[in-house]
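Working notes, structure below.
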Amino acid sequence: MLELAVEQFWERGYETTSIRDLAQAMGLTTASIYNAFGDKRAVYRRALDFYVERSFGDRVGRFESKPPRQAINAFFSEIIDRSLADTRRKGCMLVNSALEVAPHDEEFQRVVASVLVQVEAFFLRCVERGQEDGSIGRRQRAADLAGTLLGTLLGIRVLARARPEKELLEGLIKPVFALLEPDGAKQVEPA
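In the working numbering, the protein residues as written are 227 to 417.
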């Protein structure tokens, strides 16, 4: 049922989705939704948590054990592929929540911020491991690189909704990967 709620909120957004819309999508009565979840806001919170666990949680679980640069590369490759395959241009439900709900709701602001901290922490762990094993340069602080990776991720997810162009999205990550080059690696001038 949460998967159906996720699809409804993801497709239409929080504000334009009504309890009636949710009931219809989930095959329940509105009374059943109120009894099972409480109000629309509670359904949204559970749906967002479910979405985050199935997307980010799953992705980190699959990539965390890879070598650091490979983990970062795989993460972004999958994000770009997902963004390009999103023919309805729904984007990322977390990013959508950051833009639509979080500015007006302190609880959701904390929820979104917490997930973004977790994403940044994943990047930080990868960068630190890479700096330790020499596969990522030390010219930049690990925390700064992790923040840059987070910002790039958010930029890709937002931009893909309006301009889902492979060359554009891949071009966003190329300069960031150049920042990760190991110390002493030959810098290649962009074409």
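Quick reminder that beta carbons are idealized off the backbone N, C-alpha and C, glycines included.
- Message: Helix, strand or coil, according to DSSP, for arginine 285 in the structure here?
- Response: Within the sequence shown, residue 285 is the residue found at index 59, counting from 1. It is helical.
- Item | Backbone CA spacing between aspartate 247 and aspartate 275 [nearest angstrom] | Sequence index remark: in the sequence shown, residue 247 carries index 21 (1-based). Sequence index remark: in the sequence shown, residue 275 carries index 49 (1-based). Their backbone Cα atoms lie some 20 Å apart in a straight line.
- Item | Limits of the unbroken alpha helix (DSSP H) element including proline 294 | Along the sequence shown, read from residue 1 onward, the residue named residue 294 stands at position 68. Residues 294 to 311.
- Inter-residue spacing [alpha-carbon to alpha-carbon] between glutamate 304 and glycine 264: Here residue 304 is taken as the residue at index 78 of the sequence shown, counted from 1. Here residue 264 is taken as the residue at index 38 of the sequence shown, counted from 1. Glutamate 304 and glycine 264: Cα-Cα distance of roughly 35 Å.
- Task: Can you give me the Cβ contacts of glutamate 346 inside the same chain, cut-off strictly under 6 Å, excluding the 5 residues immediately before and after it?
- Result: The residue labelled residue 346 in the question sits at position 120 within the sequence shown. Once the five neighbours on either side are set aside, the close Cβ partners of glutamate 346 are Ala372, Leu376.
- Task: Over the uninterrupted alpha helix (DSSP H) stretch that includes leucine 376, give me the two end residues.
- Result: Taking the first residue of the sequence shown as 1, we reach residue 376 at position 150. Segment 368 to 388, the alpha helix (DSSP H) holding leucine 376.
- Task: Go to threonine 256, then tell me how far its alpha helix (DSSP H) extends in each direction, as first and last residue.
- Result: For this step, residue 256 is matched to residue 30 along the sequence shown. Its alpha helix (DSSP H) spans residues 256 to 263.
- Message: One question on the structure: do leucine 395 and serine 309 come within less than 9 Å of each other, judged by their Cβ atoms?
- Response: Stepping through the sequence shown from its first residue, residue 395 is reached at position 169. Stepping through the sequence shown from its first residue, residue 309 is reached at position 83. Result yes, Cβ atoms of leucine 395 and serine 309 sit closer than 9 Å.
- Item | glycine 319 - DSSP class collapsed to helix/strand/coil | As a working mapping, residue 319 is identified with position 93 in the sequence shown. Strictly speaking, residue 319 in this sequence is methionine, with glycine absent from that position. It is helical.
- Beta-carbon proximity list for threonine 256, same chain, < 7 Å, skipping 5 on both sides: As a working note, residue 256 is residue 30 in the sequence shown. Excluding positions up to five away in sequence, the list reads Ile245, Arg246, Ala249.
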